[in-house]
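K.L.:
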Amino acid sequence: MTKPAILLAAISALIPAWISAPAQQAAPDRHISDQQLSCSAASCPYLNSVLAPEARAKDLVGRMTLEEKVSQMQDVAPAIPRLGVPAYNWWNEALHGVARNGFATNFPQSIGLAATWDTALMHRIATVIAVEGRAKYNEAIRNDDRSRFAGLTFWSPNINIFRDPRWGRGMETFGEDPFLTASLGVEFVKGLQGTDPHYLELVATPKHYAVHSGPEPSRHSINIDVSDHDLEDTYLPAFRATVVDGHADSIMCAYNAIDGAPACANSMLLEKHLRQDWGFNGYVVSDCDAVDDIVREHHFAGSPEHGDADAVKAGTDLDCGSAYRALTKAVGEHLVSEAAIDTAVTRLFTARMRLGMFDPPAAVPFNAIPYSEVDSAAHRELALEAARESIVLLKNRNGTLPFKPSIRKLAVVGPTADLLESIEGNYNGVASNPISPLDGMRRQFGRDNVL
14 MTKPAILLAA ISALIPAWIS APAQQAAPDR HISDQQLSCS AASCPYLNSV LAPEARAKDL
74 VGRMTLEEKV SQMQDVAPAI PRLGVPAYNW WNEALHGVAR NGFATNFPQS IGLAATWDTA
134 LMHRIATVIA VEGRAKYNEA IRNDDRSRFA GLTFWSPNIN IFRDPRWGRG METFGEDPFL
194 TASLGVEFVK GLQGTDPHYL ELVATPKHYA VHSGPEPSRH SINIDVSDHD LEDTYLPAFR
254 ATVVDGHADS IMCAYNAIDG APACANSMLL EKHLRQDWGF NGYVVSDCDA VDDIVREHHF
314 AGSPEHGDAD AVKAGTDLDC GSAYRALTKA VGEHLVSEAA IDTAVTRLFT ARMRLGMFDP
374 PAAVPFNAIP YSEVDSAAHR ELALEAARES IVLLKNRNGT LPFKPSIRKL AVVGPTADLL
434 ESIEGNYNGV ASNPISPLDG MRRQFGRDNV L
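In the numbering used here, the protein residues as written are 14 to 464.
What follows is the structure, given as structure tokens:
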């Protein structure tokens with residue numbers, strides 16, 4: 014063998030080791046299974062953290078079967094062991110604090126936060142929620158907990174316009190003003206997602222897109238005929254702001270229909286406005302069972318396969334529910350292309366890449382947030398500040414209220430004064446030391462003076 018041939022052979026022998034070295038470092042040992050650790054960043058680019066998140070996602074999706082891709086388009090996404098993809102549950106809530114996952118700092122309900130008129134305060138609150146959300150996720154991963162409400166994709170804030178008291182859930186919103194709702198919604202999204210140049214701290218999901226504020230019982234089947242002016246002037250500004258200014262990485266489509274098309278199969282909403290006009294490049298998740306409603310309640314499609322195909326083609330990437338199980342059959346019947354499935358799943362895995370789920374733990378700064386941050390003294394102090402700022406005081410004009418310095422006894426009437434549920438709001442965490450209105454008055458005025 015000549016010297017050049019020997020040299021070439023030696024270099025060739027070294028190249029695989031040199032290429033695979035970064036792969037061992039890049040393999041996220043907490044997330045990728047042992048079976049997958051032999052895969053290198055060269056042979057599996059989705060493990061290469063240097064590449065753009067979308068390119069990594071495309072590479073990963075390109076290795077999946079149709080059945081595997083469809084399984085990832087449901088909120089309870091199973092693991093794909095052969096590719097080192099861990100199971101993931103997309104459903105989490107953080108309306109006014111990390112919700113439904115044990116103790117957390119509880120802030121005033123959304124309508125109370127709106128009464129502060131303070132966007133800077135809203136940003137601080139959302140930043141705290143993000144820290145506690147990451148701390149809870151880190152603890153869940155340490156315990157191999159992949160259950161609901163333990164992930165990083167939060168279905169908040171609710172930025173619907175509260176016009177109709179028959180809805181019954183107006184307290185989840187920031188009220189009836191589009192400008193105030195947009196201003197607070199943007200700061201909520203920014204605080205939740207963070208400012209790191211490489212990673213999202215959490216994913217925020219403004220909801221429910223759109224015109225979702227009518228009577229609760231009819232929300233699954235109602236069709237809203239809204240004027241073009243009212244749509245653009247009232248119902249869409251907050252969504253547009255959270256996408257264009259807040260850079261929300263996710264949007265939730267609503268139950269109701271608009272102009273005859275269910276929101277989760279409505280190309281006017283999901284394609285024209287959201288992606289074309291506003292430049293949204295994240296993913297769309299359905300409200301729970303809203304894809305089922307396309308057939309069952311709206312009768313917009315004649316079968317589950319047709320309904321699922323309509324939703325995917327319009328731009329709904331993730332189904333909260335089990336409706337998308339019919340997508341494999343829908344592709345087989347040529348109701349929707351596999352390329353459309355690829356687009357949806359790529360969007361989902363781009364988000365997971367941006368959250369750092371496939372990177373070495375040490376590379377993601379948020380992985381260092383300790384569980385001690387949850388319900389910390391500093392966070393509770395911010396909650397107290399927010400509570401004080403949310404209070405709206407009315408003038409006691411003409412002595413309407415009989416409060417005088419000479420009063421010695423207070424009568425508290427009604428069960429809600431001592432009912433924890435009445436002050437927790439909904440979509441809430443567990444308060445570590447809740448104080449009811451009755452408790453507060455007893456502390457302030459003395460137990461014997463409050464009847």
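For every residue, glycine included, the Cβ atom is placed at its ideal position computed from N, Cα and C. All of these numbers come straight from a predicted model, not from anything done at the bench.
1) To the nearest angstrom, how far is the alpha carbon of residue 80 from that of residue 60?
2) Which first and last residues belong to the beta strand (DSSP E) in which residue 150 is found?
3) Out of 103, 133, 141, 127, state which residue places its alpha-carbon closest to the alpha-carbon of residue 119.
4) According to DSSP, is residue 94 helix, strand or coil?
5) Count the other CB atoms within 10 Å of the CB of residue 42; is the residue buried (16 or more) or exposed (fewer)?
6) So, is residue 114 buried or exposed, given that buried needs 16 or more other C-beta atoms within 10 angstroms?
7) Can you find the residues in the same chain that come closer than 7 Å, C-beta to C-beta, to residue 445, ignoring five residues on each side of it along the sequence?
8) When the Cα atoms are used, what is the spatial distance from residue 420 to residue 112?
9) Can you give me the C-alpha to C-alpha distance between residue 294 and residue 321, rounded to a whole angstrom?
10) In this structure, does DSSP put residue 87 in helix, strand or coil?
11) Strictly by DSSP, which residues pair up with residue 270?
12) CB-CB under 8 Å to residue 77, same chain, minus the five flanking residues each way: which ones, in chain order?
13) Whole angstroms are fine: how far does the CA of residue 395 sit from the CA of residue 456?
14) Considering just the uninterrupted stretch of the alpha helix (DSSP H) at residue 325, what are its terminal residues?
15) When the Cα atoms are used, what is the spatial distance from residue 218 to residue 291?
16) Since residue 354 and residue 247 are thought to touch, with beta carbons under 8 Å apart, how far apart are those beta carbons, to the nearest angstrom?
17) At a cut of 8 Å, does the stretch 319-334 reach the stretch 296-307 through at least three beta carbon pairs?
18) Mark residue 474 as exposed unless 16 or more other C-beta atoms lie within 10 angstroms of its C-beta, in which case mark it buried.
19) Assuming residue 435 is part of the alpha helix (DSSP H), what are its boundary residues?
20) Distance check for residue 277 and residue 221, CA to CA, integer angstroms please.
21) Can you list, in chain order, the residues of its chain whose CB lies under 8 Å from that of residue 432, leaving out five sequence neighbours each side?
22) CB residue 361 to CB residue 268, shorter than 7 Å?
23) Between the stretch 378-392 and the stretch 138-153, do three or more beta carbon pairs fall short of 8 Å?
24) Going by the CB atoms, is the gap between residue 63 and residue 212 shorter than 7 Å?
25) Spatial neighbours of residue 342 within its chain, please: CB distance less than 7 Å, with the 5 preceding and 5 following residues excluded, ordered by chain position.
26) Answer yes if the stretch 157-175 comes into contact with the stretch 100-107, meaning at least three C-beta pairs across the two stretches below 8 Å, and no otherwise.
27) At 4 residues or longer, and completely inside the stretch 357-429: list those alpha helix (DSSP H) runs for me, N to C.
28) Output the distance between the C-alpha atoms of residue 453 and residue 463, rounded to the nearest integer angstrom.
29) Starting from residue 111, follow its DSSP beta bridges and name the residues at the other end.
30) Does DSSP classify residue 247 as helix, strand or coil?
31) Give me, in chain order, the residues of the same chain whose beta-carbon lies closer than 6 Å to that of residue 367; leave out the 5 immediate sequence neighbours on both sides.
32) State the beta-bridge partners of residue 264 as determined by DSSP.
33) Among 391, 55, 426, 231, which has the Cα closest to the Cα of residue 145?
34) Output the distance between the C-alpha atoms of residue 351 and residue 98, rounded to the nearest integer angstrom.
35) With H, G and I counted as helix, E and B as strand and the rest as coil, what does DSSP make of residue 313?
36) Spatial neighbours of residue 339 within its chain, please: CB distance less than 6 Å, with the 5 preceding and 5 following residues excluded, ordered by chain position.
P.N.:
Let's see:
1) Taking the first residue of the sequence shown as position 1, residue 80 is located at position 67. Taking the first residue of the sequence shown as position 1, residue 60 is located at position 47. The alpha-carbon atoms of residue 80 and residue 60 are separated by roughly 22 Å.
2) The residue labelled residue 150 in the question sits at position 137 within the sequence shown. Where residue 150 is concerned, there is no enclosing beta strand (DSSP E), although the alpha helix (DSSP H) it sits in stretches over 132-155.
3) Start at 1 with the first residue of the sequence shown, and residue 119 comes out as number 106. Taking residue 119 as reference, the option from 103, 133, 141, 127 with the minimal CA-CA separation is 141.
4) By 1-based counting over the sequence shown, the position of residue 94 is 81. If DSSP states are grouped into helix, strand and coil, residue 94 belongs with the helices.
5) Here residue 42 refers to the residue found at position 29 of the sequence shown. Reliability of the predicted coordinates at residue 42 is poor, the pLDDT of 36 falling under 50, and the value obtained from them is presented with this limitation in mind. Residue 42 is exposed by the Cβ-count criterion.
6) Locating residue 114 in the sequence shown gives position 101, where the first residue counts as 1. With 16 or more other Cβ atoms within 10 Å, it is buried.
7) Reading the sequence shown from its first residue, position 432 is the one you call residue 445. So the qualifying residues of the chain are 116, 388.
8) On the sequence shown, residue 420 is found 407 positions in, with the first residue counted as 1. On the sequence shown, residue 112 is found 99 positions in, with the first residue counted as 1. Using only the alpha carbons, I get a separation of about 40 Å.
9) Translated into the one-based positions of the sequence shown, residue 294 becomes position 281. Translated into the one-based positions of the sequence shown, residue 321 becomes position 308. Answer to the nearest angstrom: the Cα atoms are 21 Å apart.
10) Taking the sequence shown and counting its residues from 1, one reaches residue 87 at position 74. Correct three-state label for residue 87: strand.
11) Taking the sequence shown and counting its residues from 1, the one referred to as residue 270 is at position 257. BP columns for residue 270 point to 236, 275.
12) Here residue 77 refers to the residue found at position 64 of the sequence shown. Residues 85, 93, 96, 358 of the same chain have their beta carbon placed closer than 8 Å to that of residue 77, with the five preceding and five following residues left out of the count.
13) Translated into positions along the sequence shown, residue 456 becomes position 443. Translated into positions along the sequence shown, residue 395 becomes position 382. Each residue's alpha carbon lies about 21 Å from the other.
14) In the sequence shown, residue 325 corresponds to position 312, counting from 1. From DSSP, the alpha helix (DSSP H) with residue 325 extends over 317-327.
15) Looking up residue 218 in the sequence shown gives position 205. Looking up residue 291 in the sequence shown gives position 278. Roughly 16 Å separates the two Cα atoms.
16) Within the sequence shown, numbered from 1, the residue matching residue 354 stands at position 341. Within the sequence shown, numbered from 1, the residue matching residue 247 stands at position 234. By a beta-carbon distance limit of 8 Å, residue 354 does not contact residue 247. Their separation comes to about 35 Å.
17) Output reads yes: the stretch 296-307 touches the stretch 319-334.
18) Lying outside 14 to 464, the shown extent of the chain, residue 474 is not represented and no answer is given.
19) On the sequence shown, position 422 is the one that residue 435 refers to. Residue 435 -> alpha helix (DSSP H) spans 433-437.
20) Your numbering for residue 221 matches position 208 in the sequence shown. Your numbering for residue 277 matches position 264 in the sequence shown. For residue 221 and residue 277, the distance between alpha carbons rounds to 10 Å.
21) Reading the sequence shown from its first residue, position 419 is the one you call residue 432. Counting only Cβ-Cβ distances below 8 Å, and skipping sequence neighbours, we find 449.
22) Translated into the one-based positions of the sequence shown, residue 361 becomes position 348. Translated into the one-based positions of the sequence shown, residue 268 becomes position 255. Taking 7 Å as the Cβ cut-off, residue 361 and residue 268 do not qualify as a contacting pair.
23) These segments touch.
24) By 1-based counting over the sequence shown, the position of residue 212 is 199. By 1-based counting over the sequence shown, the position of residue 63 is 50. In this structure, residue 212 lies away from residue 63, with their beta-carbon atoms at least 7 Å apart.
25) The residue labelled residue 342 in the question sits at position 329 within the sequence shown. For residue 342, where only same-chain residues beyond five positions count, the Cβ hits under 7 Å are 318.
26) In short, these stretches touch, since the Cβ pair count reaches three.
27) Annotation: the stretch 357-429 contains the following complete segments of the alpha helix (DSSP H) (minimum length 4 residues), in chain order: 390-403.
28) One-based indexing of the sequence shown puts residue 453 at position 440. One-based indexing of the sequence shown puts residue 463 at position 450. Roughly 10 Å between the two C-alpha positions.
29) Here residue 111 refers to the residue found at position 98 when the sequence shown is read from its first residue. Residue pairing by DSSP leaves residue 111 without any beta bridge partner.
30) Taking the first residue of the sequence shown as 1, we reach residue 247 at position 234. Residue 247 falls in the helix class under three-state DSSP.
31) One-based indexing of the sequence shown puts residue 367 at position 354. Counting only Cβ-Cβ distances below 6 Å, and skipping sequence neighbours, we find 66, 213.
32) To locate residue 264, count along the sequence shown from 1; it is residue 251. Residue pairing by DSSP places residue 264 opposite 297 in a beta bridge.
33) To locate residue 145, count along the sequence shown from 1; it is residue 132. With distances taken between Cα atoms, residue 145 lies closest to 391.
34) Locating residue 351 in the sequence shown gives position 338, where the first residue counts as 1. Locating residue 98 in the sequence shown gives position 85, where the first residue counts as 1. The alpha-carbon atoms of residue 351 and residue 98 are separated by roughly 20 Å.
35) On the sequence shown, residue 313 is found 300 positions in, with the first residue counted as 1. The answer is coil: DSSP assigns residue 313 none of H, G, I, E or B.
36) On the sequence shown, position 326 is the one that residue 339 refers to. Here the set comprises 317, 318, 321.
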